[in-house]
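**Q**
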Amino acid sequence: MPEQRRQAGAAEAPAKAEKPSKTPSRPCPICGKPAEHAFRPFCSARCRDVDLNRWLSGTYIVPGRDDQAEEE
Numbered sequence: 881m882p883e884q885r886r887q888a889g890a891a892e893a894p895a896k897a898e899k900p901s902k903t904p905s906r907p908c909p910i911c912g913k914p915a916e917h918a919f920r921p922f923c924s925a926r927c928r929d930v931d932l933n934r935w936l937s938g939t940y941i942v943p944g945r946d947d948q949a950e951e952e
């Protein structure tokens, strides 16, 4: 019985992945191409890595509140 359940579950997984989303996808924030589900919100692994590099290099900065500096 457990083997039958695994096989049935395996057969259902691709059907769910192929199902189109009802919400329109936004363009990739890096290059503007349509976003791919596997890399959402980006279109590819390359654009995902470009965005990560920008965060790690300090290009993107989330501003802090002014009162945080006073507390320290």
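Numbered according to the working numbering, the sequence shown spans residues 881 to 952. Glycine included, every Cβ here is placed at the ideal spot set by N, Cα and C.
1) Is residue 914 closer than 8 Å to residue 907 when the C-beta atoms are compared?
2) Between which two residues does the alpha helix (DSSP H) harbouring residue 927 extend?
3) Please report how far the alpha carbon of residue 943 lies from the alpha carbon of residue 935, in whole angstroms.
4) For chain D, check one thing: does any of its Cβ atoms lie closer than 8 Å to the Cβ of residue 927?
5) Residues bridged to residue 914 by DSSP?
6) With a 10 Å radius around its C-beta and 16 neighbouring C-beta atoms as the bar for buried, classify residue 911 as buried or exposed.
**A** Straight from the coordinates:
1) yes
2) 925-937
3) 13 Å
4) The chain inventory of the structure shown lacks chain D, comprising one protein chain alone.
5) 907
6) It counts as exposed.
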